[in-house]
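All remarks here apply to the structure that follows.
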């Protein structure tokens, strides 16, 4: 026994445990950088075995202290330091076991008296809207069906005497709900399989997009028809848009035309400005006006207050510039943009002469079969059968084109992005199942349950924030998962939330909430302002401003963190002891002896 | 008598440096509201130019001159090739000239859609708690630069007309001062005779609606920006180190003189920042590095003067200069900024940060002494007495550092408990502080149980400091997650890798030489 204590209390063990902890924590923080904070908390810091490792440290310090008993005079510093650390760790343990932490989201004018905690409960809602919560950690949950619960009309002033539903045929009974499986981040996953020759035509293509520069590596399915997802023929992979469409020929592009219309609305002349053989001056019928020095800029842009043609910009912006000269040789310079007819009203330059005619400039926008998209777009074009072509473009510029070969990878022509078509189908069949979401991103909490009394007695998937109906012989109950709540000994009302900015900026200087705290039992009512860094304290609870919402429809809401930390006094006393002890140890009379 | 001459010399030196700065009351002093604070135009211009181009000057012009003269024709901002775009792959995507060199707004905006596509994709990733790729992060930075140039072009950021809460820009307001400012800008642009008077008049006019205290702070900030105290300090520290190398007494005296002058500049800089911001300058990476450096120099001073160990002065000065250099090299924000709500008005936070950086400075000094010790022992020089002094100093520094680190970490917990009700949450910064604590604690336990000799103690002091570097820089810049994100940034890793390579080479050199020394004996 003594030898074990000696081993556990030795400096060698201290160093061993320190090094082990260091390595463990390096791994944990690296994993956190890759997989995110919730992952690290779940996989390391909140686990039992991690508690055990910290407990080993406690045991090591405890044993090393016990070993020095009875204490000699030169060990006072040691004793104070190490018992301080023991107290600190004990306090941490108490907080871990008995601490309360949760969130309260309150909209302006609302009152709440419970906090939301990190766990979840199974909620069953009965026809009378009564809700019963049960602990999700139990494998088997019994839900009591009472007459009242099954009576949908009960709570609202019954005009007729209460009709007891199922009082004779279905006596009050318990219904079993068995939890079969829990998936924390579940999403509906689409299954795409090849249909047989009789299956309806439904094209589908599976593509993997890869880019190192954009840190993208995603595989997606594009599907022509999917009853659950109407946008299944389009998908985003980071900034890259992927889409599929049937083979339809685009209409030819419209020519850029300058229309000259007289006051009566009759067209005098239509000039195709892309025609290179235009005369230097063009008479406008009998109006006495002449257009001179007409210039056409398909890619017009303004640089240093001058209009220039800038095809490198690749932004189609057809414009014409010309001088409008009247019979008295008064010349007015005119600029017309095909896509911005209102430009003129912003820069009024119309003289009396020019007002005699209306000049409109029209040019076809690039024929967009695909919706306009500013980024990289990869389209897959399919025909009646199963032969596919691909086309990549960036804004208006086509980059690459070719036939799709399943299994081959093709550079998209922008950045280092490349895409690989895995398979194509002309008669795809779609089905859905519930599975953990990919890369653990998104998804909701889901539980698979069986209810033997239900008809049909199937596996039901129950989700957070969505009610799953379960039909029983006696009536229908609705199951869902809801965050675990904990009642507080007080109610909190948010009167007003304010975000105070630094002058002249949108940057917050402070978040403030005016609240009223009411404790009906102790007959306490407090009116306070909770400010970041200045929490409201009541009965061992601390209420902090931790976040806020400003929803244009729902209004403003404050998110408060409410916590109770019973270990704090222990931690503080332990810390002070440890520091004082260390100072005494290093600078007190003992140190001189050691040196 | 000697001391009086010494002090007078240093005073004269600072007057010589400071006089031209103090004597000028030029356009630099025009008050402007920027990032929630009233500051001198020079501060606004330098911060903005630094953000756009990564430089303090532009083609021989100061930032103030560049901005004020171009405001006469704001569209010139769109053609000025002064926007920095670092990433070669991004330059290629934006079809910019591939050879390095800054580019103009127009050049970038011809590929606006590409830039926006990247920025949007980065935002999507952040929303999904993923990290954007390097090229996307760079695109975000470039986009920020572009928006700043846009606000110069539109004049939106030139908020120089005093008003109740939100100051007005002469380029977006029709009030009388607007015309006056435009005239001022024009006079400066064409170097009209008497433009000094116009500026003087503007300053007098606009100062009427500013309190005396704010006027004083504007003046202090103008001096801070013109005088660059930390830049001078690092040069002086480095100079001091070099002058302390030879054995001639007068050269060494000059070295000491330079270090003292550097320290005074350093202290002045900290006091200026404190005065301007009305808070201790310990709220971001740059400020903590500079403040930690000051504490380091105070510690060096204590060891040199009180404990009579003059041999450590040069090591201290060198490390101090290097930390200052790193504060300039790393991509940390040097501007004087207002605080986010969570950092405001918190007594515990200030105490926490100052205690933590005190521990870092003690560990840094221990590391410096360890290098000196290892270098001398590799060359077989130190006498046993010298060796003992080095080891004793390292041990003392590590002990004090460990107490400060432990206390500082706990104070951080106290602050966290006060600010959001959680003492400890295994946030990466907390975790790494704990790792560092465990590391140094293990070293001290091994030393105490006589399992580390002097040589091993010195080597451990160097390894321990690598943990500090990881906690301080690495958590924010390499791991890039967690609550302490107000210090977050990216980049600068190259410089840290150079440091690691240097340490590896140094230790290899020491081990090889020690082996051959041992054989020789």
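Chains as they are written, first to last, in my numbering: chain V, -18 to 576; chain B, -17 to 503. Glycine included, each C-beta is placed from N, C-alpha and C at the ideal position.
Listed along chain V is no residue with a C-beta nearer than 7 Å to that of residue 234(B); the closest approach is about 30 Å. DSSP, read as helix, strand or coil, puts residue 310(V) in coil.
Taking C-beta atoms as the reference points, residue 447(B) and residue 349(B) count as a pair closer than 8 Å. Proximity of chain V to residue 417(B) at the Cβ level (cut-off 9 Å) is accounted for by 2, 3, 6, 7, 10, in chain order. At a Cβ-Cβ threshold of 8 Å, residue 258(B) and residue 13(B) do not count as neighbours. Pairwise C-beta distances place the segment 287 to 300 of chain B in contact with the segment 218 to 238 of chain B, as three or more of them are shorter than 8 Å. The C-beta distance from residue 380(B) to residue 422(B) rounds to 6 Å, short enough to meet the 8 Å contact threshold. Secondary structure of residue 237(B) (DSSP, three-state): helix. Cα atoms of residue 303(B) and residue 20(B): separation of roughly 32 Å, rounded to the nearest angstrom.
Residue 240(V): member of the beta strand (DSSP E) spanning 238 to 243, first to last residue. Cβ atoms of residue 195(V) and residue 224(V) stay farther apart than 8 Å, at about 18 Å. Among the residues facing chain B, residue 278(V) is not included, as its CB has no counterpart in that chain under 8 Å away. Excluding the 5 residues flanking it on each side, residue 73(B) has same chain C-beta neighbours closer than 7 Å at 67, 80, in chain order. Between residue 467(V) and residue 95(V), the beta carbon gap of about 6 Å places them in contact (Cβ cut-off 8 Å). Partner residues in the beta bridge of residue 500(V), as assigned by DSSP, are 505(V). With respect to chain B, the C-beta atom of residue 13(V) has a partner C-beta closer than 8 Å.
Contact annotation for residue 498(V) against chain B: no contact, minimum CB-CB distance about 16 Å [criterion: below 7 Å]. Collapsing the DSSP output to three states places residue 542(V) in a strand. Among the residues facing chain V, residue 241(B) is not included, as its CB has no counterpart in that chain under 8 Å away. Listed by position along chain V, the residues whose Cβ is nearer than 8 Å to that of residue 148(B) are 484, 485. In this structure, 475(V) is the residue among 409(V), 447(V), 475(V), 309(V) with its C-alpha nearest to the C-alpha of residue 498(V).
Boundaries of the alpha helix (DSSP H) around residue 430(B): 410 to 430.
For the C-beta of residue 136(B), not a single chain V residue is nearer than 7 Å; the gap to the nearest is close to 15 Å.
Every beta strand (DSSP E) of 3 residues or more that sits fully in the segment 396 to 431 of chain V is shown, in chain order, as 399 to 406, 409 to 417, 425 to 431. Proximity of chain V to residue 405(B) at the Cβ level (cut-off 8 Å) is accounted for by 73, 76, 546, 548, 549, 552, in chain order. Out of 93(V), 491(V), 368(V), the CA that lies nearest to the CA of residue 387(V) is found in 368(V).
For residue 371(V), no Cβ of chain B is located within less than 8 Å of the residue's own Cβ.
Proximity of chain B to residue 523(V) at the Cβ level (cut-off 7 Å) is accounted for by 403, in chain order. Taking all protein chains shown into account, residue 266(B) has 16 or more neighbouring C-beta atoms within 10 Å of its C-beta and is therefore buried. In the three-state DSSP reduction, residue 406(B) falls in the coil class, being neither helix nor strand. Secondary-structure assignment with DSSP links residue 560(V) through no beta bridge to anything. Non-local C-beta neighbours of residue 130(V) in its own chain, meaning closer than 8 Å and more than five positions away in sequence, comprise 107, 108, 109, 111, ordered along the chain.
Taking a C-beta distance under 8 Å as the contact criterion, residue 462(V) and residue 440(V) do not qualify as a contact pair. Counted as a single uninterrupted DSSP element, the stretch harbouring residue 149(B) is not any beta strand (DSSP E), since DSSP gives it neither H nor E. Residue 211(V) is classed as exposed because its beta carbon has fewer than 16 other beta carbons within 10 Å across all chains shown.
Residue contact check for residue 171(B) against chain V: no CB pair falls below 8 Å.
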